[in-house]
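Just so you know, the numbering used here puts the end of the sequence shown at 677, numbered straight through with nothing missing. Inspection log for the structure reproduced underneath, given as structure tokens.
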Amino acid sequence: MSTADDSRWWRSAVIYQIYPRSFADGDGDGIGDLAGIRERLAYLSGLGVDALWLSPWYPSPMADAGYDVADHRDIDPVFGTLAEAEQLIAEAHRQGLRIIVDLVPNHCSDAHPWFQAALADPDAPERELFWFHPGRGPDGGRQPTDWVSPFGGGTWTRTTNPDGTPGDWYLHLFAPQQPDFNWDHPRVRAEFEEIIRFWLDRGVDGIRIDSAAMLAKDPTLPEVTPDGPHPFVDVDAVHGIYRSWRRIADGYPGGRALIGEVWLPDRQRFANYLRPDELHTAFNFDFLGCAWTAPALRACVDATLAAHAPVGAPATWVLSNHDVTRHVTRYGRADTTFSFAARREGIPTDLELGTRRARAAVLLSLVLPGAAYVYQGEELGLWEVEDIPHELRQDPMFLRSGGVDPGRDGCRVPLPWSGDAPPFGFSPEGATAPPWLPQPADWKDRTARAQAGDPHSMLELYRTAIALRRAEAALGDGDLTWLPAPEGVLALRRDPGLTCLVNLSGTAVPLPPHAGLLLASGPLDDDRLPPDTAVWVRSTPDDPR
Ligand code: GLC
133 MSTADDSRWW
143 RSAVIYQIYP
153 RSFADGDGDG
163 IGDLAGIRER
173 LAYLSGLGVD
183 ALWLSPWYPS
193 PMADAGYDVA
203 DHRDIDPVFG
213 TLAEAEQLIA
223 EAHRQGLRII
233 VDLVPNHCSD
243 AHPWFQAALA
253 DPDAPERELF
263 WFHPGRGPDG
273 GRQPTDWVSP
283 FGGGTWTRTT
293 NPDGTPGDWY
303 LHLFAPQQPD
313 FNWDHPRVRA
323 EFEEIIRFWL
333 DRGVDGIRID
343 SAAMLAKDPT
353 LPEVTPDGPH
363 PFVDVDAVHG
373 IYRSWRRIAD
383 GYPGGRALIG
393 EVWLPDRQRF
403 ANYLRPDELH
413 TAFNFDFLGC
423 AWTAPALRAC
433 VDATLAAHAP
443 VGAPATWVLS
453 NHDVTRHVTR
463 YGRADTTFSF
473 AARREGIPTD
483 LELGTRRARA
493 AVLLSLVLPG
503 AAYVYQGEEL
513 GLWEVEDIPH
523 ELRQDPMFLR
533 SGGVDPGRDG
543 CRVPLPWSGD
553 APPFGFSPEG
563 ATAPPWLPQP
573 ADWKDRTARA
583 QAGDPHSMLE
593 LYRTAIALRR
603 AEAALGDGDL
613 TWLPAPEGVL
623 ALRRDPGLTC
633 LVNLSGTAVP
643 LPPHAGLLLA
653 SGPLDDDRLP
663 PDTAVWVRST
673 PDDPR
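Below, the structure written as structure tokens:
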């Protein structure tokens, strides 16, 4: 691997997220798989990314697209086999690509053998590995707490005893098919430590930890109150889990990284997960949700760097992932922020504007100090698909909200690779099934094939920007300096010698004095930078800025 001796790769890596169901279908069943990924490794190394994070590939009934894991040490047959996963890891390494697997420790699938054993017999020892609890009220008919699931609805489901009478309730912060583990139980802890070793032994370079702030619960099960400590988000006991995992990761050579999915509004509490003996990095959802304005972005970057500095962890920069509205769409709307609570469809969207901003945004995210994430398809400029027929939607967020929340299917539509019509090369010739979600016909201009070699395409912008990031010593880990700039413009320098300007104002602004244009996200207006455009320039040696 090009960076094999660099055990601190995670501090500055460009990490590409693969959502296996939707990346590439090798066997023609309309669902992406490991064969499809293996065929596209050359594309990924050509894109220049350092690592691939694969969303869950484990055996699963797919109640939450694989985030309901029935066996953490195998591969779902729809994706392939464990042997193929091992081959994929080896082949990726040969191409200079590191591999990050997705670990789902908060919950499992209701098909997991432990949960099946716990359901079958109320006296089974496996019962203790989950949160079974009597209901409230004389007949136990009210759920134990009124907690609300991020997927909508309650967080408890009542079981039926073997004799047919109603039994205890079990906790599932997400869908009912995703029972929560009891992390107070040593067997749960030991099991996950072994699972982590299982994958690290197979050579994976990192572990993305799903719902990382939710594992520990207050065992007294209090209600959520506006002021009190939260009973299941960011409970202090969770940190002990990550300290033990860090010791395991540190025992392996080559720098194995733990990456947390930590959604917390309080940056200080967020940074606690990144103390030197805990996780290496965590996703920056503030940046993802931030409005496309200069003051908001600058404040977000400053607050992010300030929160990370005391713990010595690198920041991460994320624009999109498999859970959120794609940013080409977000940035084409009047309100450019993202929040789950406000997610709606049918909002007027200017995709041309969103695309222009997305081009500028990637130059911003790749210039900032730390690691950067690319969600599959953003390098093709894909937008959120909003017109998926309701009967084809699969996301529990859509289903459990009765369709009020459009859910996440719109960012999970299979990628367009080539050709003029669906399946756009997603599936091989002669495939037996259409892609599992329908692709828009007008993605024909957004296929990888259509964009390759076109210097104006999103794909070539990503390739060039990532290649420059590799070549420029200034980019990646380190510090930044803000430069004076007109209102609505972000100007920053990375040393040695690279300046980035992003124009978020409504008028063109002059480029700074420079010693050469490295990259622009769109056409310049003579020597002026048009609105919603970004540039990287070589700083002049004598420029005081
Ligand atoms: C994380 C995943 C999301 C999943 C949820 C429950 O937020 O990113 O896709 O639905 O956890 O596992």
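Idealized CB from N, CA, C, for every residue including glycine. Remember, it's a predicted structure, so these values are computed and weren't measured experimentally.
Per-residue burial, residue i [other beta carbons within 10 Å of its own, 16 or more giving buried]
| i | result |
| --- | --- |
| residue 513 | buried |
| residue 522 | exposed |
| residue 508 | buried |
| residue 487 | buried |
| residue 537 | buried |
| residue 309 | buried |
| residue 226 | exposed |
| residue 589 | buried |
| residue 571 | buried |
| residue 524 | exposed |
| residue 315 | buried |
| residue 467 | exposed |
| residue 552 | exposed |
| residue 280 | exposed |
| residue 664 | buried |
| residue 400 | exposed |
| residue 153 | buried |
| residue 377 | buried |
Pair within 9 Å by beta-carbon distance, residue i and residue j
| i | j | result |
| --- | --- | --- |
| residue 607 | residue 624 | no |
| residue 604 | residue 633 | no |
| residue 396 | residue 366 | yes |
| residue 311 | residue 362 | no |
| residue 543 | residue 671 | no |
| residue 469 | residue 447 | no |
| residue 393 | residue 340 | yes |
| residue 276 | residue 305 | no |
| residue 598 | residue 272 | no |
| residue 177 | residue 386 | no |
| residue 264 | residue 243 | no |
| residue 498 | residue 445 | no |
| residue 287 | residue 299 | no |
| residue 415 | residue 505 | yes |
| residue 464 | residue 483 | yes |
| residue 443 | residue 408 | yes |
| residue 96 | residue 439 | Only positions 133 to 677 of the chain appear in the structure, and residue 96 is not among them; the question remains open. |
For residue i, the first and last residue of its enclosing beta strand (DSSP E)
| i | result |
| --- | --- |
| residue 671 | 665-671 |
| residue 598 | Here residue 598 belongs to no beta strand (DSSP E); instead the alpha helix (DSSP H) covers 590-603. |
| residue 686 | A query on residue 686 cannot be resolved here, the shown segment of the chain reaching from 133 to 677 and no further. |
| residue 505 | 503-507 |
| residue 185 | 183-186 |
| residue 341 | 338-341 |
| residue 143 | Premise fails: residue 143 is in no beta strand (DSSP E) and is neither H nor E. |
| residue 623 | 621-626 |
Residue range of the alpha helix (DSSP H) that includes residue i
| i | result |
| --- | --- |
| residue 405 | That residue, residue 405, is in no alpha helix (DSSP H); it is neither H nor E in DSSP. |
| residue 499 | 483-499 |
| residue 378 | 370-382 |
| residue 150 | Unbroken run through residue 150 is the beta strand (DSSP E), 146-150; no alpha helix (DSSP H). |
| residue 168 | 166-171 |
| residue 647 | Counting along the chain, residue 647 falls outside any alpha helix (DSSP H), though it belongs to the beta strand (DSSP E) covering 646-652. |
| residue 345 | Premise fails: residue 345 is in no alpha helix (DSSP H) and is neither H nor E. |
| residue 532 | 528-532 |
| residue 275 | Note, residue 275: premise wrong, no alpha helix (DSSP H); not H, not E. |
| residue 580 | 580-583 |
For the segment 429-442 against the segment 508-522, are there 3 or more C-beta pairs whose distance is under 8 Å? The answer is no - the segment 508-522 does not touch the segment 429-442, with fewer than three Cβ pairs under 8 Å.
So within the segment 220-252, which uninterrupted alpha helix (DSSP H) runs reach at least 4 residues, ignoring any that extend past its ends? For the segment 220-252, whole alpha helix (DSSP H) runs of length 4 or above, ordered along the chain, are 245-252.
Pair every Cβ in the segment 214-221 with every Cβ in the segment 159-173, then say whether three or more of these pairs are closer than 8 Å. Yes, since at least three Cβ pairs between the segment 214-221 and the segment 159-173 fall closer than 8 Å, the two stretches touch.
Which runs of the beta strand (DSSP E) at least 3 residues long sit entirely within the segment 278-336? Give them in chain order. Qualifying beta strand (DSSP E) stretches, in chain order: 288-292, 298-303.
Check whether the segment 185-205 and the segment 582-593 touch, using three or more Cβ-Cβ pairs below 8 Å as the test. Contact between the segment 185-205 and the segment 582-593 is absent, because fewer than three Cβ pairs lie under 8 Å.
Please give the ranges of any beta strand (DSSP E) in the segment 388-470, keeping only runs that are unbroken, at least 3 residues long and fully inside the region. Runs of the beta strand (DSSP E) lying entirely within the segment 388-470 and spanning at least 3 residues, in chain order: 389-392.
Validate contact between the segment 638-655 and the segment 469-487 using beta carbons, cut 8 Å, 3 pairs: The way I'd put it, the segment 638-655 doesn't touch the segment 469-487; fewer than three beta-carbon pairs between them come closer than 8 Å.
State whether the segment 196-215 contacts the segment 249-262, with contact taken as three or more CB pairs (one from each stretch) at a distance under 8 Å. The answer is no - the segment 249-262 does not touch the segment 196-215, with fewer than three Cβ pairs under 8 Å.
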